[in-house]
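This report concerns only the one structure given below.
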Amino acid sequence: MIAEAVIEVKALPQPVKVFGLPVTKQRGVLFVILAIGSLTAALIFAALQESVYRVPGFKYGGWLTFVTTCTYCLCAAIEMGFTGNFSRKGTIKDYMVLSVLTLGGMYLTNWALNYLNYATRIMFKSSKVVPTMLVGTLIQGRRYTIAEYSAAGVLVIGIILFTIGDKEAYPSFHLHGVLLISLGVLCDAATSNFEEKRFFRIEQPCSQAEVIFYSSLIGSAYGLVLLVWTAELEPAVLHTLEHPQLWSHMLVSAAMGYASIAFVLHLIEHFGATNTEIVKSLRKVLSICISFIVYPKPLNWKYALGFIACIFSLCLTVYLRQLKRNHSVLDPSHRNVQ
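Just so you know, we're using the numbering used here here: the sequence shown kicks off at 25 and counts up by one.
If you want it as C-alpha cells, here you go:
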C-alpha cells in the first residue's frame, strides 16, 4: 500500500514546503523524508516525556501540559513567520472551544501518568478510533462493517490486557489513571471531529500552524489558571529548578511533538490517509518497544498478548480502510459512508 503512493515518481510542480522551507519535488524522496521525520520526532517526544516522569518526585502533569502548550504556541508562531502567513481564518469563539478540548486531552493524559506507565498510555491513545466510531455511529449516522467493529474490539481487548499487566508490574498503578486517560482519549476524539468540521473542511481551510498557534495560545492561558487554582504552580517550578534537566526534556519533547504533528499532516496531504495510518501505526508500535527497551519494565504475558492484539488491530484497521477507499473509488455512491 505504501508502494502505491511512492512508486508514482512524477515530480511535483514545485518543492513541497515543510515548516515554511522548501524540501523536494520528488514524491518518493518526499515520502521518505516525511515518514522518517514523523517517526523520529514522535519517538524522541515519547522517550523524553517518559524521562520526565522518571525524575524522582515528578508528579506535575499540569505543569508539563502548560510547558508543552506554550512550546507548541512558540513553534507555530515560528512556522507562521517562515511562511509569512499570519492571517486568521478561524473564529476566536471556535478557538476557545478547541483549546478546552486540546488542553483537556493533554492535561488528563499527563495526569494519568501518575498512575500508569508510559507504554500503557500509548496503548490507550491508540484507542481513539473507538470513541470516534461511536460518535460517528450515534451522532452522524455513519455505518461501519462488522470487521471494523471487530478490529476496534480486538484493540479494546489488547488495552484491557495491557492494563491488567500494568496493575501487576507497576507499583503506583491505580484505576484513577484508567479513568483519567479514558477521559483524555474522549477529549482527543472530540478535538479531531471539531477541528475537521470547523477549521479544515470549510471553504477556506485554516493552516495547521494557525490552528495550533491560536488553540495553544488560549490553552496556555487556561493552563495557567488551572496551575494557580490547583496550587500546582509553585511546587512544580521549585521541583523543576531542583532538577534543571527537566527544562530541556520538556521543551525538546514538546518541540518534537509539534514536528511530528506537522509531518503527519503533510503525509495526509500528499500521500493520503491510508499511507499516513501505516506510518502512525508503526510509530505506536515502535514507541511501545522503545519504552520497554530504554526504560526496562517487568514483563508478563498480559503485556505481550495485549501488545500482539494491538498490532493485529492496527494492521487490520489500515487494511479495512484501504478496502473501503478502493470500494469508494469503484462505487461513487458509497463515498459518504465513513
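Cβ atoms here follow ideal geometry from the backbone N, Cα and C, with glycine treated the same way.
Asked, Found
"Whole-angstrom distance between Ala175 and Leu158, CA atom to CA atom", "14 Å"
"Leu291 versus Tyr282, Val303, Gly281, Thr93, residue with shortest Cα-Cα distance", "Val303"
"Given 8 Å, three or more beta-carbon pairs between the stretch 109-123 and the stretch 229-241", "yes"
"Which of helix, strand or coil DSSP assigns to Lys113", "coil"
"DSSP state of Lys41 mapped onto helix, strand, coil", "strand"
"Where the alpha helix (DSSP H) through Asn217 begins and ends", "199-219"
"Which of helix, strand or coil DSSP assigns to Pro155", "helix"
"Local Cβ density within 10 Å of His273, reported as buried at 16 or more and exposed below that", "buried"
"Beta-carbon proximity of Ala286 to Gln232, cut-off 8 Å", "yes"
"Inter-residue spacing [alpha-carbon to alpha-carbon] between Tyr194 and Phe316", "13 Å"
"Burial state of Val252, where buried means 16 or more other Cβ atoms lie within 10 Å", "exposed"
"Asn134 beta carbon less than 8 Å from that of Leu88", "yes"
"Sequence-distant residues of its chain with Cβ nearer than 6 Å to Ala283 (five each side left out)", "Ala65"
"Distance, Leu329 Cα to Tyr90 Cα", "The question names Tyr, but residue 90 in the sequence shown is Phe. If you take the alpha carbons of Phe90 and Leu329, they lie about 35 Å apart."
"Range covered by the alpha helix (DSSP H) that runs through Glu103", "85-107"
"Inter-residue spacing [alpha-carbon to alpha-carbon] between Cys99 and Pro80", "29 Å"
"Three or more C-beta pairs below 8 Å linking the stretch 245-261 and the stretch 50-58", "no"
"The alpha helix (DSSP H) enclosing Phe55, as first and last residue numbers", "51-78"
"CA-to-CA distance, Ile242 to Tyr168, given in whole angstroms", "36 Å"
"Leu207 vs Leu125 beta-carbon contact at 8 Å", "no"
"Neighbourhood of Tyr77 by C-beta distance below 6 Å, restricted to the same chain and skipping five residues each side", "Leu137"
"Rounded C-alpha distance that separates Met104 from Ile170", "43 Å"
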